[in-house]
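Protein chains: 4
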Amino acid sequence: MTELDAVKAALKTQAVETPSWAYGNSGTRFKVFAQQGVPRDPREKLADAAKVHEFTGAAPTVALHIPWDTVDDYAALAKYAEELGLRLGTINSNTFQDDAYKLGSVCHPDAAVRRKALDHLFACVDVMDATGSKDLKVWLADGTNYPGQDDIRERQDRLAEALSAVYDRLGDDQRLLLEYKLFEPAFYSTDVPDWGTAYAHCLKLGDKAQVVVDTGHHAPGTNIEFIVATLLREGKLGAFDFNSRFYADDDLMAGAADPFQLFRIMYEVVRGGGLTPDIAFMLDQCHNIEAKIPAIIRSVMNVQEATAKALLVDRDALAAAQRSGDVLDANAVLMDAYNTDVRPLLAEVREESGLGPDPMAAYRRSGWAERIVAERVGGEQAGWGA
Amino acid sequence: MTELDAVKAALKTQAVETPSWAYGNSGTRFKVFAQQGVPRDPREKLADAAKVHEFTGAAPTVALHIPWDTVDDYAALAKYAEELGLRLGTINSNTFQDDAYKLGSVCHPDAAVRRKALDHLFACVDVMDATGSKDLKVWLADGTNYPGQDDIRERQDRLAEALSAVYDRLGDDQRLLLEYKLFEPAFYSTDVPDWGTAYAHCLKLGDKAQVVVDTGHHAPGTNIEFIVATLLREGKLGAFDFNSRFYADDDLMAGAADPFQLFRIMYEVVRGGGLTPDIAFMLDQCHNIEAKIPAIIRSVMNVQEATAKALLVDRDALAAAQRSGDVLDANAVLMDAYNTDVRPLLAEVREESGLGPDPMAAYRRSGWAERIVAERVGGEQAGWGA
Amino acid sequence: MTELDAVKAALKTQAVETPSWAYGNSGTRFKVFAQQGVPRDPREKLADAAKVHEFTGAAPTVALHIPWDTVDDYAALAKYAEELGLRLGTINSNTFQDDAYKLGSVCHPDAAVRRKALDHLFACVDVMDATGSKDLKVWLADGTNYPGQDDIRERQDRLAEALSAVYDRLGDDQRLLLEYKLFEPAFYSTDVPDWGTAYAHCLKLGDKAQVVVDTGHHAPGTNIEFIVATLLREGKLGAFDFNSRFYADDDLMAGAADPFQLFRIMYEVVRGGGLTPDIAFMLDQCHNIEAKIPAIIRSVMNVQEATAKALLVDRDALAAAQRSGDVLDANAVLMDAYNTDVRPLLAEVREESGLGPDPMAAYRRSGWAERIVAERVGGEQAGWGA
Amino acid sequence: MTELDAVKAALKTQAVETPSWAYGNSGTRFKVFAQQGVPRDPREKLADAAKVHEFTGAAPTVALHIPWDTVDDYAALAKYAEELGLRLGTINSNTFQDDAYKLGSVCHPDAAVRRKALDHLFACVDVMDATGSKDLKVWLADGTNYPGQDDIRERQDRLAEALSAVYDRLGDDQRLLLEYKLFEPAFYSTDVPDWGTAYAHCLKLGDKAQVVVDTGHHAPGTNIEFIVATLLREGKLGAFDFNSRFYADDDLMAGAADPFQLFRIMYEVVRGGGLTPDIAFMLDQCHNIEAKIPAIIRSVMNVQEATAKALLVDRDALAAAQRSGDVLDANAVLMDAYNTDVRPLLAEVREESGLGPDPMAAYRRSGWAERIVAERVGGEQAGWGA
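Residue numbers (the numbering used here), protein chains in the order written: chain A, 1389 to 1774; chain B, 1389 to 1774; chain C, 1389 to 1774; chain D, 1389 to 1774.
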């Protein structure tokens, strides 16, 4: 197999998970702008996700969010996904929208609230059992807004206790993916604010606990690819939540704000052997003002382009330049791949896989956008329910 | 008058404007936690604000937000405020919650949307005419989320045109206060992102246009007191929106996150002659998880304490140390005032003004909190309606 | 002329000014790593700069820094530059390295120090008269490290006075370019910390005073292209100091840290009519660990590539998408240009201009690197003298 | 013992280590402003440090930096310290100033350079053996400036290997303290950029490896007290480098930029049982423009004041408010301590310890400043030698 063939083969098997909630309405605290044609239930979200996969060939799984995607019969939902050519992916828990969670969930000072949150996490594992999902993603909105509001250290004790209980509930093939975030909605302290905290907890939990890197959850200036490289080295990188940001957790389309950063991240993934099914590559975005389905298609394509460039890095030349201490040459080898226009290559890959070369155009031509606007009339549009 | 008497006199006349919306529910994009007893209409907001003024003696005016405080008869509302011992203050416009504003308001590419937004701003001036309010505060959520989405420069042209139209509509005693903000809800470019942009527009508009400094609207590391000093030197500081933040526009209680910064800001206000009725000292906060009325009382007290410390700075000693180039001595003079516990002084000031020494305790004793929980049953609680 | 011809024509006339000090040693406060072959005087710096111009065809002028480039006979230096195919460009003042400037220069509390600094600025204008340089660039290290250290507002008064005196000293064809910087070396307040401050001063000075945008001098999250667009709209953009950064004022090679940002900046330049000789496009970088001359060649190429992409933006398609409010389409038009590999186009442009297609390779082949190492033995290497 | 007595007792035994290099000259990359009377050798640094201890009673140990404090006879130096009433403290290694370290030290691609750096670290342990110092502090300037320059992950492997070798060399009572830093002097990737990385390495090394928190080494927005609480909970907090900052690693006097943050940090120290000799509380500051000895005295006092306030927090009341979920009350309990003027208490503590109540005044009266200016003439002033 030539090197280019290897690159193509890797691109053909790359899978990006899309989140059910990205197909629904979202917004800021100032306003949620509803869009026409937005899904009104999990099945309609899956139908939209199927279109993304149909035109990209790279989005075979869909993440669910409980309770936003609560249904009576998860097995039936999984079967419906299958009929659409999809599989259900990560189960995302939500312990931040019940009125009880004003001061936290599993870190709350009141044991009754902690119990309630834990029960929700257990229920999510039940959903996994029903859907066949492998991963439970736990992002906690827990934290405090004011110094002194609660005891930072005791909250860690409560957190450890809850995570341990959830971990014990996992089946052999199931994983707990712990996500960190610097701030929001907590504005003073967050209980899992950085990768170090998530890592320390996962380490104690065991092999089935791994860290999630959401690319929008860091302090300004954080070198995210360093974290990726480090977690891969430690065997503790479980998943990505891709999105992009200029400021805070802006949740823009992946690759839109800093395509060079996405490339550097994907380079560390490739270099660290992370381009495998063991790591979930998920989008986690909010399409507040742009059309949702094509935004997701574009995001999948952006991840593909960053990956293609990462795969094209001449690793031998890079290693040689690095070993010789030639700063400019080493940087040039990396930039040479980044500066390559990989769109023709990806068009070729798609055509070799029986897809059209241009997913955006194919989606536009499909008439799906017009159809959902026409058909999805009445009912309540899906959203965050914030 | 002794120096201490002068300090007391200044503190006795200090006025902090409270915003009607801080009495209503607020939250993040993840969740708005409703609180019991929250006002259901502008009159109930005023009733709460009257309590803040009753116990602090320092919050005589209330800012309105249109349309959140829309009423049929503004003159009657103003009269009601008067009966409560209050006056209506700044009118805050809202051009970010109508569905039309998804891509902006006065900077929108579509002239019809711009016209709609302008009409709203005119309507706000009408409200001012009816309430006797002096100031129109314009904070625009306008901006873009993605590079290329719109033309940055044309948006400035549209902005200038709209501001000019509003300015022309102002009465002789009315002012246009232009507020800037780095980001949110726009995540790539904001049309009035910094004080420089607000200043440049206000300069061209004329003397009745002035800049609003919201303490939560800056990039990390920004020296806000420098901006305050500069705007005062330029005669272009119109108002403050006080709040505090550890991360972004967190809208925590003023003085809660960085009391030293609030002190430094108030020092520049005092030093620049800004402690006058010409500058509106407003709170703009979100009490997402804490009880709202006492949080506002606490915030007023925090502003008072910072002001008291600023007034206590030994200006002669400071100037002497500065002139001599003694870095440590100059810093020590400032810190000496900051490290002073001014709570006894403020208690004294309150008692001399016929108030109780401890507004928080007085509020607690008043039974107001219990009364509004009991009485405000049914109806729809006020909030942002996001 | 076809559109592509117009793009090529613009690229052929693009000029990037290189700074004499980038050819000398530089470092951090922790260490300056000396490199072999570094120039020992202004003539040797010019000789290196001539190589950059020889292989790129795009670096015809060299900025001087006084006193680092002090010579007895500036006219002779200018003539030497001419012999090398170069011209002398901007004169950069230095009021931060004399022992007197510990607490500032033109903003210093002591009038004698202010006078000394002013005399230096006058002397720089004298140099301009001798060299024929058009622009005086004033970057002031003035500021304070501790709250209270000096009076922020009085420092502005002193600043205004000094700038006015310098402005009055300018000849008809000379300009004062005022540069702003958030922090470093001052760590609490900086006297010209942001574009707003520089703009306000330049506005009062008059048409010959303009603002310099150094791409490394902003707070995290600042949208630099917005500032560029705004200053162009105001007619107040005088020059760039290009470099790149991940953290603070890192002074890395332009385009190395965020090539997409450089593209967005160049797009606003092109769109705002700024690609003219009236705006000085200068590099201001520190090649602490990489070979200096090739790093500068690479930086010039990075600016060229960003410019080429900016010129390739389909402005009509972009305007149409923007007007229609199609966020994704508008973004796609911009990204289409960014994702284009413009290296072949630039190779063509170079060949049409009689240059080799690959400046880096041409430099390597030239043997200049080996020659200067061999010849520049003994003497004192140029550096910042910090 | 009453509670106040317990607070006093804690304050009487508090020890802050001062670093030898803070007594020498320092500066930024732009300029080092020399000061009169600065020490010219380690003994003179100790003499200055003895003055800080004489007037504060709280600075009994002095950290050394190798090679800045290299002497022939370390035992003699330790004896001299003893004569001055001091002890030698932490040994700080320096693997960033040799010309060999341009691309790193223990992470360098070249094994010979790594070996050289390792030998230096071993030599530092030798110094510890001679001085009786317990702690080796390792701060590495290692990192890269450009993407691709070196392999991020291999550098971690090299780092782990070196740390392990040093760890094995430690005596039973010796510790390796690993310090992290976001950036500077490396401007793209740093090999120990955050607490998570330091923690992960220390965990693998063993009990004698602990993490150092330098308060100036974090990304904007980082909640440092959270890290302190977490490291204490993990038993992995070894030491502090105190200083303060508004922007980056500004190295201002501790408590000068954000006294509230220092209080919050000290509160977590107290609450987590960290106010013990097992944790080294060191200053690491640069007095670039202010007189050095009084700046260090002021810094020690700032740490004492923050500690006093932290000790005064009513822990029972705080816990009760936290448990009840009363956000405002819990915050108020903490703020009550912060707003207390503890200067009279500390004056009392000093007088009870036989010291003057005001260390700054006592130092001024001592005539030491004048004496060292008069006596320390000629020779080369100590500095960083950058």
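Glycine is no exception: its CB is placed at the ideal position from the N, C-alpha and C atoms.
(1) What does DSSP give as the partner residues of B:G1531 in its beta bridges?
(2) To the nearest angstrom, report how far apart D:H1589 and D:R1543 are at their CA atoms.
(3) D:W1456 CB to nearest chain A CB: under 7 Å?
(4) Given that B:D1545 touches chain D, what residues does it touch there, using C-beta distances under 7 Å?
(5) Using a beta-carbon distance below 7 Å, is B:T1406 in contact with chain A?
(6) Counting pairs of Cβ atoms below 8 Å between the stretch 1400-1418 of chain C and the stretch 1741-1757 of chain B, do you hit three or more?
(7) Could you say which of D:A1518, D:G1520, D:Y1489 lies nearest to D:L1506 if we only look at CA atoms?
(8) Using only alpha-carbon positions, find the residue among B:G1773, B:F1630, B:D1639 that is nearest to B:F1669.
(9) Our contact map puts D:H1508 next to D:S1552 with C-beta atoms below 8 Å; I'd like the distance itself, whole angstroms only.
(10) How would you list, in chain order, the residues of chain B whose beta-carbon sits under 8 Å from the beta-carbon of A:T1416?
(11) Report the rounded CA-to-CA distance for B:I1479 versus C:L1650, giving the unit in angstroms.
(12) Just to confirm the assignment: which complete beta strand (DSSP E) runs, minimum length 3, are found wholly within the stretch 1622-1696 of chain D?
(13) Touching or not, the stretch 1436-1447 of chain D and the stretch 1678-1690 of chain D, by the rule of three or more beta carbon pairs under 8 Å?
(14) Is the shortest distance between the beta-carbon of D:F1421 and the beta-carbons of chain B less than 7 Å?
(15) I need the DSSP call for C:A1770, collapsed to helix, strand or coil.
(16) What residue does the alpha helix (DSSP H) around C:L1506 start on, and which one ends it?
(17) Note the first and the last residue of the continuous alpha helix (DSSP H) segment covering D:E1542.
(18) Under 7 Å between beta-carbons, which chain D residues line up against B:E1678? List them in chain order, please.
(19) Does A:G1415 come out as helix, strand or coil in the three-state DSSP assignment?
(20) Quick one: give me the first and last residue of the beta strand (DSSP E) that D:A1451 is part of.
(21) Identify the residues that DSSP records as bridge partners of A:A1597: which are they?
(22) Exposed or buried, what is B:D1460 when buried is set at 16 or more other beta-carbons lying within 10 Å of its beta-carbon?
(23) Please report the distance separating the alpha-carbon of A:L1700 from that of A:T1664.
(24) Rounding to the nearest angstrom, what Cα-Cα distance links A:S1521 and A:Q1562 in this structure?
(25) What does DSSP give as the partner residue(s) for C:L1476 in the beta ladder?
(26) For C:G1755, count neighbouring C-beta atoms within 10 Å of its own C-beta (all shown protein chains included) and say buried if the count is 16 or more, exposed if not.
(27) Does A:Y1534 get closer than 7 Å to chain C when you measure Cβ to Cβ?
(28) Using three-state DSSP, classify C:P1573 as helix, strand or coil.
(29) According to DSSP, is C:P1745 helix, strand or coil?
(30) Taking the alpha-carbon of B:D1809 as reference, which of B:C1674, B:A1770, B:D1646 has the nearest alpha-carbon?
(31) Flag B:S1577 as yes if its beta-carbon sits less than 7 Å from any beta-carbon of chain C, otherwise no.
(32) Just to check my reading of the structure: B:R1417 and A:G1415 have Cβ atoms closer than 8 Å, yes? What is that Cβ distance to the nearest angstrom?
(33) Roughly how many whole angstroms lie between the Cα atoms of C:E1656 and C:R1621?
(34) Ignore the nearest five residues each way along the sequence and tell me which others in D:V1450's own chain have a CB closer than 8 Å to its CB.
(35) By the 7 Å beta-carbon criterion, what residues does the stretch 1482-1494 of chain D contribute toward chain C?
(36) Which word fits C:Q1423, buried or exposed, when buried means at least 16 other C-beta atoms lie within 10 angstroms of its C-beta?
Taking the geometry as given:
(1) As a working mapping, residue 1531 of chain B is identified with position 143 in the second sequence. Beta-bridge pairing links B:G1531 to B:T1578.
(2) By 1-based counting over the fourth sequence, the position of residue 1589 of chain D is 201. By 1-based counting over the fourth sequence, the position of residue 1543 of chain D is 155. Cα to Cα, D:H1589 sits roughly 13 Å from D:R1543.
(3) Stepping through the fourth sequence from its first residue, residue 1456 of chain D is reached at position 68. Judged by the 7 Å Cβ criterion, D:W1456 is not in contact with chain A.
(4) Within the second sequence, numbered from 1, the residue matching residue 1545 of chain B stands at position 157. Going along chain D, no residue has its Cβ under 7 Å from B:D1545, so there is no contact; the nearest lies around 34 Å.
(5) In the second sequence, residue 1406 of chain B corresponds to position 18, counting from 1. B:T1406 does not count as touching chain A.
(6) no
(7) Start at 1 with the first residue of the fourth sequence, and residue 1506 of chain D comes out as number 118. The shortest Cα separation from D:L1506 among D:A1518, D:G1520, D:Y1489 belongs to D:Y1489.
(8) Here residue 1669 of chain B refers to the residue found at position 281 when the second sequence is read from its first residue. Ranking the options by Cα distance to B:F1669, first place goes to B:F1630.
(9) Counting from one through the fourth sequence, the residue named residue 1508 of chain D turns up at place 120. Counting from one through the fourth sequence, the residue named residue 1552 of chain D turns up at place 164. Rounded, the Cβ-Cβ distance is 16 Å, inconsistent with contact.
(10) Within the first sequence, the letter at position 28 stands for residue 1416 of chain A. Ordered by position in chain B, the residues that pass the 8 Å Cβ test against A:T1416 are R1417, E1572, P1573, A1774.
(11) For the purposes of this step, residue 1479 of chain B is identified with residue 91 of the second sequence, where counting begins at 1. For the purposes of this step, residue 1650 of chain C is identified with residue 262 of the third sequence, where counting begins at 1. Near 41 Å, if we compare the C-alpha coordinates of C:L1650 and B:I1479.
(12) 1625-1630, 1668-1671
(13) yes
(14) Counting from one through the fourth sequence, the residue named residue 1421 of chain D turns up at place 33. No, D:F1421 lies away from the interface with chain B (no Cβ there is under 7 Å from its Cβ).
(15) Along the third sequence, one-based indexing puts residue 1770 of chain C at 382. Three-state result, C:A1770: coil.
(16) Walking along the third sequence from the start, residue 1506 of chain C turns up at place 118. Run containing C:L1506: 1499-1519, per the alpha helix (DSSP H) assignment.
(17) By one-based count along the fourth sequence, residue 1542 of chain D stands at place 154. Run containing D:E1542: 1540-1557, per the alpha helix (DSSP H) assignment.
(18) Against the second sequence, residue 1678 of chain B aligns to sequence position 290. Those are V1715, L1716, listed as they occur along chain D.
(19) Locating residue 1415 of chain A in the first sequence gives position 27, where the first residue counts as 1. Residue state, collapsed to three classes: strand.
(20) Translated into the one-based positions of the fourth sequence, residue 1451 of chain D becomes position 63. Its beta strand (DSSP E) spans residues 1449-1453.
(21) Here residue 1597 of chain A refers to the residue found at position 209 when the first sequence is read from its first residue. BP columns for A:A1597 point to A:L1564.
(22) Within the second sequence, the letter at position 72 stands for residue 1460 of chain B. Here B:D1460 is exposed: its Cβ has fewer than 16 other Cβ atoms, across all protein chains shown, within 10 Å.
(23) By 1-based counting over the first sequence, the position of residue 1700 of chain A is 312. By 1-based counting over the first sequence, the position of residue 1664 of chain A is 276. Spanning the two alpha carbons is a distance of roughly 17 Å.
(24) Position 133 of the first sequence, counted from the first residue, corresponds to residue 1521 of chain A. Position 174 of the first sequence, counted from the first residue, corresponds to residue 1562 of chain A. Approximately 8 Å, taken between the alpha carbons.
(25) If you number the third sequence from 1, residue 1476 of chain C lands on position 88. Paired residues: C:V1450.
(26) Position 367 of the third sequence, counted from the start, is the residue given in the question as residue 1755 of chain C. With fewer than 16 other Cβ atoms within 10 Å, it is exposed.
(27) For the purposes of this step, residue 1534 of chain A is identified with residue 146 of the first sequence, where counting begins at 1. Chain C contact via Cβ: absent.
(28) One-based indexing of the third sequence puts residue 1573 of chain C at position 185. Of the three classes helix, strand and coil, the one that applies to C:P1573 here is coil, per DSSP.
(29) As a first step, residue 1745 of chain C is located in the third sequence; it is residue number 357 there, counting from the start. DSSP places C:P1745 in coil when its eight states are reduced to three.
(30) Absent from the structure is residue 1809 of chain B, since the part of chain B shown begins at 1389 and ends at 1774.
(31) Within the second sequence, numbered from 1, the residue matching residue 1577 of chain B stands at position 189. True, the Cβ-Cβ gap to chain C drops below 7 Å.
(32) Mapped onto the second sequence, residue 1417 of chain B falls at position 29. Mapped onto the first sequence, residue 1415 of chain A falls at position 27. Indeed, because the Cβ distance is near 7 Å, the residues count as touching under 8 Å.
(33) Numbered from its first residue, the third sequence carries residue 1656 of chain C at position 268. Numbered from its first residue, the third sequence carries residue 1621 of chain C at position 233. Those two C-alpha atoms are separated by around 10 Å.
(34) In the fourth sequence, residue 1450 of chain D corresponds to position 62, counting from 1. Contacts found: E1405, T1406, P1407, S1408, K1433, L1434, A1437, A1469, L1474, R1475, L1476, G1477.
(35) F1484, Q1485, D1487, K1490, L1491
(36) Along the third sequence, read from residue 1 onward, the residue named residue 1423 of chain C stands at position 35. So C:Q1423 ends up on the buried side.
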